[in-house]
Amino acid sequence: MFFYGSLADDVSIQTEACKWYLRALRGLQDLLSQETSSFTGDVVCAVVMLTHFETLAATSTDGWFQHVRGAATMLESSGPESCREGFLHRLFRHLRLLVFVASIFKNEEHVFSSPEWMDIPFEVYPKGPFDVLVDNLFSLLSCLTTAQDLLKSQAGNAEPLRTKLITLVLGLITRLHNWWAQCTAMMNLGGFNAQAPMNAAKDDSDFQALDPDHFPILHHLDMPTAALATLYDAANIIALRLLSLVSPSAYLYEERIQRHARSILLAKSFVEEIPGPTSNRGSTMVGFPYQILCIWGPFTTDGHYPGANKKQLFSNVAAYVLRHRGLGCTGQISDDRSLEDSVSSSYQNNNMRLELDRARLACT
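Just so you know, the sequence shown maps onto residues 1380 to 1743 in my numbering.
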């Protein structure tokens, strides 16, 4: 109702939708006051629908996050085993992406990133490309929280965190590349289904994944693939940026970062040009990766953009990384070449730098 009222620019319809939303909130509060230990799929679904209403209406600053956390808490109370089949399984698959978005905005990890919640709900029905991508996004949260801990650590405690971070980041970059390779193969065969089972077997592209001259971009065919592509691009931008904290070869990947950034911008333009109400929904879907681009991408000098909330999206880590690498506003190494010169004096050629990263990956 609110969506229709927005399209029709009818304030009365939007107001009526908000009244129904308020009634739903009161009914949900009454239900939660009964202190049940588990919740049916209908109740969880109702909270998810309230989440989507807040996406459009934004009746309060924190309402969307509260609904996402509430729905996730309901599923947690039932355990991962309850999400293996039926309606709860479908709700869980849908909710995971929302939980990731809420978590990265709040600079925190979530229990859904634990091995139990990554594996048990998919014991009956295997993961599709969408599910595997969300797995990688939850792995990105682990990278970001580890990077945050590293920046806060004392000198004596930094090395274990640095070792953990390089393992997490290199593993994530490789898994993202494997995901891209399998999606590209599906597209080349004439069809792409985000829910179709995806082969989880590891391919032989570990070294290619770390090649700075290899640009694994997922070309979008429609709005759903554009939305998936922007999430994939955003994850790559952050992962490649985090290499700056642990690898002297990180600056070699600047062109790859720029390619992913341009891919997000192209997808955003592509979705906005789709006629009809779907373009409005699509703009919302690609808006989140665009916010990541504004903070982590190659077009800022300090990890912030005008009006950005400096306490969200791990922007404190982004600001440190961008300053640490000496990046200018075009995303290139700044005119002060002292940082690059010091790196080059220790590592005489690109091959040696890449071998260091590949050796670390081989040991994980």
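Don't be surprised by glycine CBs; every beta carbon is placed ideally from N, CA and C.
Where the alpha helix (DSSP H) through residue i begins and ends
i               : result
cysteine 1562   : 1537-1567
aspartate 1612  : 1602-1621
glutamate 1460  : Taken as a continuous stretch (DSSP letters only), glutamate 1460 belongs to no alpha helix (DSSP H), as it is neither H nor E.
isoleucine 1744 : Nothing can be reported for residue 1744, as the shown portion of the chain is limited to 1380 through 1743.
valine 1650     : 1633-1651
methionine 1419 : The sequence shown places threonine at residue 1419, rather than the methionine named in the question. Threonine 1419 -> no alpha helix (DSSP H), and no H or E assigned at all.
aspartate 1388  : Segment: none, aspartate 1388 is in no alpha helix (DSSP H) and carries neither H nor E.
Pair within 7 angstroms by beta-carbon distance, residue i and residue j
i                  : j                  : result
glutamine 1527     : valine 1696        : yes
phenylalanine 1471 : proline 1500       : yes
isoleucine 1671    : alanine 1613       : yes
proline 1668       : isoleucine 1643    : yes
valine 1665        : threonine 1604     : no
proline 1505       : proline 1459       : no
cysteine 1562      : proline 1508       : yes
methionine 1453    : valine 1427        : no
phenylalanine 1693 : asparagine 1486    : yes
leucine 1476       : valine 1447        : no
serine 1492        : phenylalanine 1466 : no
Sequence-distant residues of its chain with Cβ nearer than 6 angstroms to residue i (five each side left out)
i                  : result
aspartate 1590     : none
glutamine 1691     : Phe1484
proline 1685       : Any reading at proline 1685 must be qualified, since the residue scores a pLDDT of 42, below 50, and its modelled position is unreliable; no value is offered.
leucine 1607       : none
isoleucine 1636    : Ile1616, Leu1619, Pro1677
tryptophan 1675    : Ile1616, Ile1617, Arg1620, Ala1697
phenylalanine 1444 : Ala1481
isoleucine 1552    : Ala1588, Ala1618
glycine 1442       : Glu1433
leucine 1631       : Pro1591
glutamate 1611     : Inspection of the sequence shows that residue 1611 is occupied by tyrosine rather than by glutamate. Same-chain partners within the cutoff: Leu1597.
Residue from the options whose Cα sits closest to the Cα of residue i
i              : options                            : result
alanine 1564   : Pro1494, Leu1386, Gly1550, Leu1597 : Leu1597
tyrosine 1699  : Ile1552, Leu1523, Phe1509          : Leu1523
leucine 1645   : Pro1654, Met1602, Leu1622, Val1625 : Met1602
histidine 1639 : Leu1701, Leu1474, Leu1555, Trp1399 : Leu1555
cysteine 1673  : Asp1441, Glu1651, Leu1701          : Leu1701
alanine 1629   : Tyr1611, Ser1694, Val1548, Ile1653 : Val1548
leucine 1520   : Glu1488, Leu1429, Leu1512          : Glu1488
leucine 1624   : Leu1631, Trp1558, Val1503, Arg1541 : Arg1541
alanine 1451   : Thr1440, Gly1420, Trp1559          : Gly1420
threonine 1438 : Gln1413, Lys1398, Gly1406          : Lys1398
leucine 1411   : Gly1449, Phe1466, His1431          : Gly1449
leucine 1622   : Thr1525, Met1566, Ala1425          : Thr1525
leucine 1429   : Phe1418, Leu1407, Asn1567, Asp1389 : Leu1407
arginine 1405  : Lys1647, Leu1474, Ala1425          : Ala1425
histidine 1431 : Gln1413, Arg1402, Leu1474          : Leu1474
Residues near residue i by beta carbon distance below 7 angstroms, same chain, minus five either side
i                  : result
glycine 1384       : Ile1392, Gln1393, Ala1396
valine 1490        : Glu1455, Trp1496
phenylalanine 1382 : Leu1435
glycine 1710       : Only weak support is given to the placement of glycine 1710: the predicted model assigns it a pLDDT of 36, under 50, and the value that follows is read from those uncertain coordinates. Once the five neighbours on either side are set aside, the close Cβ partners of glycine 1710 are Glu1633, Ile1636, Gln1637, Pro1677, Phe1678.
phenylalanine 1649 : His1599, Ala1605
aspartate 1583     : Per-residue confidence for aspartate 1583 stands at a pLDDT of 47, beneath the threshold of 50, marking its modelled position as unreliable; the derived number appears in the next sentence. There are no such residues.
glutamate 1464     : Val1503
histidine 1468     : Cys1462, Pro1500, Tyr1504
asparagine 1515    : Leu1551, Arg1554, Leu1555, Trp1558, Ala1614
valine 1722        : Caution applies to valine 1722, whose pLDDT of 28 falls short of 50 and renders its modelled position unreliable; the value that the coordinates give is listed next. Here the set comprises Pro1627.
phenylalanine 1747 : Since the first residue of the chain shown is 1380 and the last is 1743, residue 1747 is not available in this structure.
glutamate 1734     : Any reading at glutamate 1734 needs caution, since the residue's pLDDT is 47, under 50, leaving its predicted position unreliable; the model's value is listed next. Excluding residues within five positions, none has a Cβ falling inside 7 angstroms.
histidine 1703     : Ser1623
Check: residue i C-beta below 6 angstroms from any heavy atom of the ligand PLP
i            : result
leucine 1692 : You won't find the ligand PLP in this model; it holds no ligand whatsoever.
Chain-order list of residues whose beta-carbon lies under 8 angstroms from that of residue i (same chain, five-residue window excluded)
i              : result
leucine 1529   : Ala1537, Leu1540, Arg1541, Leu1544, Leu1624
aspartate 1388 : none
valine 1390    : Gly1384
Quiz item: Curious, which full-length alpha helix (DSSP H) runs of at least 4 residues does the stretch 1471-1523 contain?
Solution: Within the stretch 1471-1523, the runs of alpha helix (DSSP H) at least 4 residues long that lie entirely inside it are, in chain order, 1494-1498.
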